[in-house]
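Numbered according to UniProt numbering, the sequence shown spans residues 1 to 284.
Ideal placement from N, C-alpha and C gives every residue a C-beta, glycine not left out.
Since the structure is predicted, the reported quantities are computational estimates derived from the model, not experimental observations.
For reference, the structure is listed below as structure tokens.
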Amino acid sequence: MGFPNVMRVEAEGRSGGIWLCWDANIVRVELVSACFQHVMVKIQCASASPWLLTAVYASPRQESQRFLWQAIHRIGEEHDYPWLLTGDFNAIRSPLEQAGRTSTAILRRCKRFNEKMDQAELIDLGYSGPRFTWTRGEPPNDYKASRLDRSLCNTAWNVTFPNTSVHHLPRLHSDHHPILTEIGKQGVNLSSPRPFRFEGAWLTHDSYGNFLQDKWDSQVPLQEALRKMAEDLAEWNKNTFGNVLQKKRRLLRRINGIQTRIANGFSPGLFKLQANLRESWMKS
Numbered sequence: 001m002g003f004p005n006v007m008r009v010e011a012e013g014r015s016g017g018i019w020l021c022w023d024a025n026i027v028r029v030e031l032v033s034a035c036f037q038h039v040m041v042k043i044q045c046a047s048a049s050p051w052l053l054t055a056v057y058a059s060p061r062q063e064s065q066r067f068l069w070q071a072i073h074r075i076g077e078e079h080d081y082p083w084l085l086t087g088d089f090n091a092i093r094s095p096l097e098q099a100g101r102t103s104t105a106i107l108r109r110c111k112r113f114n115e116k117m118d119q120a121e122l123i124d125l126g127y128s129g130p131r132f133t134w135t136r137g138e139p140p141n142d143y144k145a146s147r148l149d150r151s152l153c154n155t156a157w158n159v160t161f162p163n164t165s166v167h168h169l170p171r172l173h174s175d176h177h178p179i180l181t182e183i184g185k186q187g188v189n190l191s192s193p194r195p196f197r198f199e200g201a202w203l204t205h206d207s208y209g210n211f212l213q214d215k216w217d218s219q220v221p222l223q224e225a226l227r228k229m230a231e232d233l234a235e236w237n238k239n240t241f242g243n244v245l246q247k248k249r250r251l252l253r254r255i256n257g258i259q260t261r262i263a264n265g266f267s268p269g270l271f272k273l274q275a276n277l278r279e280s281w282m283k284s
């Protein structure tokens, strides 16, 4: 993925597992605490003030979630940094965050989740994109969907990074949608000069091999040949391979639109179209 630094909590069997990846040339990451359901780090970016990040993968078992929220409450009492929590909380805040019927048990679970958030003084950052982040099956009989994944923050985060936005991205392989939390222009500036990087996806393009043969100049010193090849590859990536990326982005936008419509109402035709678009994305 292009991130040389990794911190992880291993899965237990087929459940759990958290990976935190970053580039130490851009951010400094310091471990605060970690367990089966969360990883918490302190992050320092350039000249900006430090902030806390908690990556969450909550257990579906209520008794295990109690340990997670005990840790969250303890962390909130010990630190006053801006604090972002993001991941799969395996909980919903209201019956509107799931498809299907509402029961007394569901209402009780919603109440518990909201109470835990209030006790920890956390704010839901909302989202754009499809209504649910987890889906399984297809209508009319075995379709299930919920908003299990979200980003929360404390008041200090809201004040420091007021332009934070959360996006539910298209779901392609997993039963969960990826969620993207963007800090915004007034937050941390993560921009830095981008060095040349070889992209493994280039190898999949039909013209890549011929392009290398045509452009490689063995008559000049190696460093000069490499510099020129990097420039040519950057141009090829933009004008040739970039067309493939643009097509993939268009397909992702269509998939995202279809998944948003599916979350708002059942339609067998939409599920078929979604499958066709996914297949096109895989082949492009």
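(message) Here's the rule I'm using: 16 or more other beta-carbon atoms within 10 Å means buried, otherwise exposed. How should His168 be labelled?
(response) buried
(message) Would Arg93 and Cys110 qualify as a contact pair, given that the criterion is a beta-carbon distance under 8 angstroms?
(response) yes
(request) Could you pull out every unbroken beta strand (DSSP E) segment of at least 3 residues lying fully inside the region 50–129, listed in chain order? (result) Given a length threshold of 3 residues, each whole run of the beta strand (DSSP E) inside the region 50–129 is given here in chain order: 51–57, 83–88.
(request) Could you check how far apart the C-beta atoms of Gly166 and Leu122 are, in whole angstroms? I think they sit under 8 angstroms. (result) It should be pointed out that residue 166 corresponds to Val in this sequence rather than to Gly. Actually they are not in contact, since the Cβ atoms of Val166 and Leu122 sit about 14 angstroms apart, beyond 8 angstroms.
(message) Would the region 70–77 count as touching the region 87–101 if we require 3 or more Cβ pairs under 8 angstroms?
(response) no
(request) Could you please give the first and the last residue of the uninterrupted alpha helix (DSSP H) stretch that includes Thr155? (result) In the DSSP assignment, Thr155 falls within the alpha helix (DSSP H) that extends over 155–160.
(message) Excluding the 5 residues flanking Phe3 on each side, which residues of the same chain have their C-beta closer than 7 angstroms to its C-beta?
(response) So the list reads Cys21, Trp22, Asp23, once near-sequence residues are dropped.
(request) Can you have a look at Asn256 and say buried or exposed, based on whether 16 or more other CB atoms are within 10 angstroms of its CB? (result) buried
(message) Please tell me whether, using a cut-off of 7 angstroms, the distance from the CB of Tyr127 to the nearest non-hydrogen atom of the ligand MN is below it.
(response) In the structure shown, the ligand MN is absent, as is every other ligand, since no ligand is present at all.
(request) Quick one: measure Cβ to Cβ for Thr133 and Ile179, integer angstroms, because I've assumed they're closer than 8 angstroms. (result) 6 angstroms
(request) Specify the secondary structure class of Pro232 as computed by DSSP and reduced to three states. (result) Residue identity check: residue 232 is Asp in the sequence provided, not Pro. Asp232: helix per DSSP, three-state reduction.
(request) Use the C-beta contact count for His173: other C-beta atoms within 10 angstroms, 16 or more gives buried, fewer gives exposed. (result) exposed
(request) Measure the alpha-carbon distance for Val9 versus Glu30 and round it to whole angstroms. (result) 15 angstroms
(request) Just confirm the distance between the C-beta atoms of Ser15 and Thr86, as a whole number of angstroms; I'd bet it's less than 8 angstroms. (result) Rounded to the nearest angstrom, the Cβ distance from Ser15 to Thr86 is 19 angstroms, too far for a contact under 8 angstroms.
(request) Please say whether Arg171 and Gln37 have beta carbons closer to each other than 8 angstroms? (result) No. Outside cutoff.
(message) Can you give me the C-alpha to C-alpha distance between Ala99 and Lys144, rounded to a whole angstrom?
(response) 6 angstroms
(request) Can you say whether Trp51 is buried or exposed, counting buried as having 16 or more other CB atoms within 10 angstroms of its CB? (result) buried
(message) Taking the alpha-carbon of Lys228 as reference, which of Asn239, Asn237, Lys238, Trp216 has the nearest alpha-carbon?
(response) Trp216
(request) Taking 8 angstroms as the cut-off, decide whether the C-beta atoms of Ala55 and Val32 are in contact. (result) no
(message) Using a 10 Å radius around the Cβ and a threshold of 16 neighbouring Cβ atoms, would you call Thr155 buried or exposed?
(response) Label assigned to Thr155: exposed.
(message) Can you tell me whether Trp216 is helix, strand or coil according to DSSP?
(response) coil
(request) Pick helix, strand or coil for Gln223, following the three-state DSSP scheme. (result) helix
(message) Whole angstroms are fine: how far does the CA of Gln223 sit from the CA of His176?
(response) 45 angstroms
(request) Let me know the secondary structure DSSP gives Ile26 once reduced to three states. (result) coil
(request) In angstroms with no decimal places, state the Cα-to-Cα distance between Glu279 and Ser49. (result) So the two alpha carbons sit approximately 44 angstroms from each other.
(request) Starting from the C-beta of Asp80, find all residues in its chain whose C-beta is less than 7 angstroms away, skip the five residues before and the five after it, and write them out in chain order. (result) Ala156
(message) From the DSSP secondary-structure annotation, give me the bridge partner or partners of Gln44.
(response) Arg28
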